[in-house]
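A short write-up of the structure that comes next.
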C-alpha cells in the first residue's frame with residue numbers, strides 16, 4: 001500500500017468532506033455551491049456499515065445548513081439515507097437521521113420544491129411512537145411552524161387532527177399548538193369545518209384538564225385564531241363557550257378569555273353565543289357547575305353592559321333577567337361568588 005493511501009485513510013472525515021464535495025464559489029458572495037461527489041455518495045450508501053454512515057451524516061449536518069447544494073443533491077441524499085429511518089435501525093440512529101433531514105430542510109428551504117411532499121409523507125406515515133419528537137421537529141422546519149404548507153395543503157390539517165391526541169399532554173404540547181395557531185392564521189382556507197370542530201374539541205378539553213399555565217395560554221391562542229381567522233362551526237359553539245366560561249374564573253386567564261369572547265360576540269354568531277350562555281344558566285344539569293355559571297354571567301355582563309361592551313348586540317336587560325333568576329344565588333354566595 002502506498003504512503004499516499006495510508007495518509008488518505010488517516011485523514012479525519014471532515015477533511016475528507018472537503019474533497020468529497022465539489023465546491024464552486026464562482027462570483028457568488030453568499031454561500032458556496034456544493035455538489036455530491038461519487039466518493040461521498042458511496043460513503044453514505046447502504047453498502048457501508050451503519051455506524052460509518054451515521055458518522056458521515058453527523059459531519060454533513062452543518063455543511064448542508066451553511067452551503068447551497070446543487071440541483072438534485074437533496075433528492076440524492078434522500079435516496080441514500082431514507083433506509084436509516086426504518087424500524088430495524090436503533091432509536092438513536094433514526095433520530096440522528098431525522099436531525100440531518102431537518103438540517104437539510106433548513107439549509108435548502110428555497111430549493112426543496114417537490115421534495116416537500118416527500119418529507120411531509122415521512123412525517124405523516126412514520127409510525128414509530130418514540131420518534132414523535134424528531135418528526136415534530138422536522139414538521140416545524142418544513143412548514144415554518146405551520147405557516148408554509150405548499151404542496152400538501154389538503155393533507156396537513158387532517159393529519160394534525162389525527163396526530164393531536166398523541167402529542168397533547170407531552171412536553172411538546174406547546175410546540176404542537178403553535179403549529180395549529182399558525183396553520184389557522186395563515187392557511188384557514190385549507191382547514192375544513194370538520195377539522196376545525198376536531199381542533200376546537202381537543203383544544204377545549206386540553207385547556208380544562210392541564211395544570212400548565214403555558215399550555216392553557218397556548219390553547220387560548222388556538223381558540224382565538226379560530227374566531228379571528230376562520231369560522232367557528234355552530235356545532236362547536238357550546239363546547240367553545242363552556243371552555244371560555246370555566247377558564248375565565250382563573251385570574252391569570254380572565255383577560256384572554258374575555259378578549260376571545262368579545263371577538264366571538266362581535267361576529268355573526270354573537271347572538272347565538274349570548275343565547276347559549278343564557279341557556280346554560282337555565283339548564284338544571286349545570287346547576288352545580290359554579291365555575292361555568294359564574295363565567296357565563298361575567299361574559300354576559302361584560303358583553304352587554306361593560307366598559308368594552310359589544311355594540312352590535314341588541315338585547316334588553318329584561319330578556320336576560322329570566323336566565324339570571326334561574327341561577328341558584330344561594331349556591332353562588334355559599335361558594336364565594338359575587339357577580340352582581
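In full-length UniProt numbering, the protein residues as written are 1 to 340.
We put the CB at the ideal spot given by N, CA and C, even for glycine.
Given the structure is predicted, the values throughout are model-derived calculations rather than measurements.
Check: Name the residue from 255, 304 and 252 whose alpha carbon lies nearest to the alpha carbon of residue 277.; Outcome: 304
Check: In terms of alpha-carbon separation, which member of 193, 126, 79 and 316 lies closest to residue 229?; Outcome: 193
Check: Counting pairs of beta carbons, one from the segment 63–70 and one from the segment 89–98, are three or more of them closer than 8 Å?; Outcome: no
Check: Can you give me the start and stop residues for the alpha helix (DSSP H) that residue 241 sits inside?; Outcome: 237–247
Check: Is the Cβ-Cβ distance between residue 56 and residue 69 less than 7 Å?; Outcome: no
Check: Does the beta-carbon distance from residue 327 to residue 281 come in below 7 Å?; Outcome: yes
Check: Rank 287, 314 and 259 by C-alpha distance to the C-alpha of residue 324 and give the top, closest one.; Outcome: 287
Check: Do you know offhand how far residue 167's Cα is from residue 160's?; Outcome: 10 Å
Check: Enumerate in chain order the residues of its own chain whose CB-to-CB distance from residue 218 is below 6 Å, with the five nearest sequence positions on each side excluded.; Outcome: 174 and 177
Check: Compare the C-alpha of residue 116 against each of 151, 199, 86 and 256 and name the closest.; Outcome: 151
Check: Among 133, 145, 190 and 319, which one has its Cα closest to the Cα of residue 158?; Outcome: 190
Check: Taking 8 Å as the threshold, find out whether the segment 220–235 comes into contact with the segment 196–208 through three or more Cβ pairs.; Outcome: yes
Check: In angstroms, rounded to a whole number, what distance separates the CA positions of residue 27 and residue 67?; Outcome: Summary for residue 27: the model assigns pLDDT 43, below 50, so the residue's position carries little reliability; its value from the coordinates is reported in the next sentence. Taking the straight line from one Cα to the other gives about 15 Å.
Check: For residue 283, which of helix, strand or coil comes out of DSSP?; Outcome: coil
Check: Beta-carbon within less than 7 Å of residue 134's beta-carbon, same chain only, minus the 5 sequence neighbours each way: which residues are those?; Outcome: 95, 98 and 99
Check: Who are the near neighbours of residue 204 in its chain, counting only those whose CB is closer than 8 Å to its CB and skipping five residues on each side?; Outcome: 219, 223, 239, 240, 242 and 243
Check: Put residue 319 into one of helix, strand or coil per three-state DSSP.; Outcome: helix
Check: Looking only at its chain, what residues have a beta carbon closer than 8 Å to the beta carbon of residue 132, apart from the 5 residues adjacent to it on each side?; Outcome: 166, 167, 170 and 172
Check: Based on Cα-Cα distance, which residue from 245, 71 and 147 lies nearest to residue 296?; Outcome: 245
Check: Just reading off the alpha helix (DSSP H) that residue 345 is part of, what are its end residues?; Outcome: No statement about residue 345 is possible, as the shown extent of the chain runs from 1 to 340 and does not include it.
Check: With a CB to CB cut of under 6 Å and the five nearest residues on each side skipped, what residues in its chain are close to residue 124?; Outcome: 159
Check: Inspect the beta-carbon positions of residue 294 and residue 249 and report whether they are closer than 7 Å.; Outcome: yes
Check: Using a Cβ-Cβ cutoff of less than 8 Å, which residues in the same chain neighbour residue 292 once the five nearest sequence positions on both sides are dropped?; Outcome: 242, 245, 246, 280 and 286
Check: If residue 299 and residue 261 are in contact, beta carbons under 8 Å, what's the gap, nearest whole angstrom?; Outcome: 5 Å
Check: Check whether the Cβ atoms of residue 207 and residue 195 sit closer than 7 Å, and answer yes or no.; Outcome: no
Check: If residue 265 sits next to residue 273, beta carbons under 8 Å apart, how far is it from one beta carbon to the other, in whole angstroms?; Outcome: 6 Å
Check: Sorted by chain position, which residues of the same chain lie with C-beta nearer than 8 Å to residue 234's C-beta, five sequence neighbours on each side aside?; Outcome: 269 and 272
Check: With DSSP as the reference, label residue 29 as helix, strand or coil.; Outcome: Because the pLDDT at residue 29 is just 49, under 50, the model does not fix this residue reliably, and the point stays unresolved.
Check: Could you tell me whether the Cβ atoms of residue 109 and residue 147 are closer together than 7 Å?; Outcome: no
Check: Just to confirm, are residue 137 and residue 87 a CB contact at a threshold of 7 Å?; Outcome: no
Check: Just the Cα atoms here: how many angstroms apart are residue 1 and residue 39?; Outcome: Annotation note: pLDDT 48 at residue 1 (below 50); position unreliable, no value reported.
Check: Please work out which residues of its chain come closer than 8 Å, Cβ to Cβ, to residue 29, disregarding the five sequence neighbours upstream and downstream, and give them in chain order.; Outcome: With a pLDDT of only 49 at residue 29, under the threshold of 50, the placement of this residue in the model should not be trusted; the figure read from the coordinates follows. So the list is empty, once near-sequence residues are dropped.
Check: When the Cα of residue 213 is compared with those of 107, 254 and 129, which residue comes out closest?; Outcome: 254
Check: Check this for me: beta carbons of residue 181 and residue 142, under 7 Å apart or not?; Outcome: no
Check: For residue 211 versus residue 179, is the C-beta distance shorter than 7 Å?; Outcome: no
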